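Numbering (our numbering), first residue to last: 9 to 430. Ideal placement from N, C-alpha and C gives every residue a C-beta, glycine not left out. None of these values were measured; they are calculated from a predicted model. Some notes on the structure that comes next.
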Ligand code: EPU
């Protein structure tokens with residue numbers, strides 16, 4: 009198991025390139041199931057989640073090949089085992105998004121039911137409801153979701169909203185299943201995230217007929233067959249936002265290459281109000297902070313609102329603001345495992361139901377802390393960059409799921425992070 013030792017405080021400066029998006033790559037890898045033959049996607053980040061998803065596809069019968077130019081080829085000519093095994097699904101909940109494409113292509117699928125999660129309850133009732141509406145028969149057997157559609161799926165008008173609004177992977181599942189259903193499917197309250205737009209455009213390249221892309225109402229005219237395609241993956245808006253927060257918390261100046269500000273308007277707006285300068289320059293974006301960190305109120309929401317995947321990182325930043333901030337989590341109301349860890353570094357955070365009151369402090373101090381999930385661990389790394397002393401972050405494997413060798417990206421910018429195996 010690896011740990012990080014982070015010496016702080018440091019000031020970051022320089023240029024960093026943002027990777028292709030993890031959360032766009034995963035459902036697009038699942039989409040490759042739909043078109044019999046060889047698809048490929050790029051640029052794909054080198055992350056453990058991508059390796060785990062590749063293993064999952066290989067278990068189904070696909071051949072997956074990584075090449076040095078960050079291209080991933082998936083040959084789905086043969087799918088002879090439409091089963092998502094527990095051993096893989098328990099490592100990564102996103103595995104659930106093979107369910108829709110398998111049902112559409114093989115007319116049957118068995119996928120282990122995802123279990124508990126560090127960021128709170130993560131039901132999949134909306135995925136199952138949507139697939140049932142398309143005509144699938146679904147039951148639970150020995151911890152596995154067993155889904156069948158012996159006569160194929162049939163298009164339907166489906167409302168996919170739940171108590172917390174739209175669902176990203178639920179929309180991906182139902183959308184992929186609907187591409188090969190008979191007739192028209194309307195998905196109302198569909199997720200509008202850029203990753204879903206990326207998926208929908210990819211499906212169009214495979215021959216799917218989809219309109220309303222980017223809106224909460226997707227209309228799909230089912231086709232008989234899809235063909236393999238080449239997919240272009242969008243830049244990772246969460247990695248970009250994390251580096252913006254890193255520039256801000258260290259009073260640094262960073263040039264972000266391969267960054268889509270148009271996917272990040274809520275984040276850019278919030279950071280500018282906090283006192284961070286963000287300016288597009290050619291195809292890059294310059295991020296800097298010179299003045300104090302101003303407090304801010306943040307409410308996480310579905311896109312185009314402020315993303316839950318940047319809540320923890322902004323909390324680390326606001327813990328050093330000149331005043332009090334309130335952060336309300338409306339997507340995953342229990343996603344606050346980082347609060348107690350940041351308080352160990354002398355932040356002053358108080359959780360009140362699905363909200364945290366952040367009383368700004370003058371400085372953070374180093375401490376041993378524990379990473380609990382991917383984004384929470386990123387927040388601890390950010391805090392470690394700004395804190396006085398040597399912070400030790402345990403369970404770094406969480407961060408490796410979603411950030412490609414983050415220390416190798418931060419160190420050339422002025423960070424002092426060492427990775428040690430214990
Ligand atoms: N929900 C339901 N029923 C469902 C599905 C979701 O009630 O059937 C609820 C969830 O409990 C939550 C809300 O709906 O309250 C939204 O969850 P969503 O389904 O959108 O989350 P997800 O699709 O499972 C993806 C990302 C997450 C990201 C969320 C929200 C991937 C692989 N995962 O998860 O990313 O936080 O959308 O934007 O795309 C991360 O990268 O660290 C991460 C957790």
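Next item on the list: Starting from residue 397, follow the beta strand (DSSP E) in both directions and report where the run begins and ends.
Entry: 397 to 402
Next item on the list: Taking only runs that begin and end inside the region 240 to 278, name each unbroken beta strand (DSSP E) of 3 or more residues, in chain order.
Entry: 261 to 265
Checklist line | 8 angstroms CB neighbourhood of residue 213 in its chain, flanking five on each side removed | finding: 237, 238 and 239
Notebook entry, point to check: Among the residues of its own chain, which have a CB less than 7 angstroms from the CB of residue 375, if the five just before and after it don't count?
Noted result: Leaving aside the five residues that flank residue 375 on each side, the residues in its chain whose CB is nearer than 7 angstroms to its CB run, in chain order, 352, 353 and 399.
Check: Distance, Cα to Cα, residue 174 vs residue 227?
Finding: 16 angstroms
Check: Per DSSP, residue 367 forms a beta bridge with which residues?
Finding: DSSP lists 332 and 356 as the bridge partner or partners of residue 367.
Checklist line | Exposure label - residue 327; buried when at least 16 CB within 10 Å | finding: Classified as buried, residue 327 has 16 or more neighbouring CB atoms from the shown chains inside 10 Å of its CB.
Notebook entry, point to check: Do residue 305 and residue 29 have their CB atoms nearer than 7 angstroms?
Noted result: no
Notebook entry, point to check: Between which two residues does the beta strand (DSSP E) containing residue 156 stretch?
Noted result: 152 to 156
Notebook entry, point to check: Below 8 angstroms, can you find three or more Cβ-Cβ pairs linking the region 389 to 398 to the region 256 to 269?
Noted result: yes
Next item on the list: Leaving aside the five residues before and after residue 414 along the sequence, list all residues of the same chain whose C-beta is less than 7 angstroms from its C-beta, in chain order.
Entry: 389 and 407
Note to self: With DSSP as the reference, identify every bridge partner of residue 11, one or two as the case may be.
What the structure shows: 428
Margin query: Buried or exposed, going by whether 16 or more other CB atoms sit within 10 Å of the CB of residue 405?
Written below: exposed
Check: What residue does the beta strand (DSSP E) around residue 117 start on, and which one ends it?
Finding: 116 to 120
Item checked: Where residue 112 falls: helix, strand or coil (DSSP) -> helix
Notebook entry, point to check: Should residue 233 go down as buried or exposed, given a rule of 16 or more other Cβ atoms within 10 Å for buried?
Noted result: exposed
Margin query: Quick check: what's the CA-CA separation for residue 113 versus residue 89?
Written below: 12 angstroms
Next item on the list: Just the C-alpha distance for residue 422 and residue 247, rounded to the nearest angstrom, thanks.
Entry: 18 angstroms
Margin query: For residue 132, report the span of its beta strand (DSSP E) as first-last.
Written below: From DSSP, residue 132 is part of no beta strand (DSSP E); its letter is neither H nor E.
Next item on the list: Could you tell me if residue 122 is buried or exposed, where buried requires 16 or more neighbouring beta carbons within 10 angstroms of its beta carbon?
Entry: Classification of residue 122: buried, given that the 10 Å Cβ count is 16 or more.
Next item on the list: For residue 27, verify whether its CB is less than 6 angstroms away from any heavy atom of ligand 1.
Entry: no
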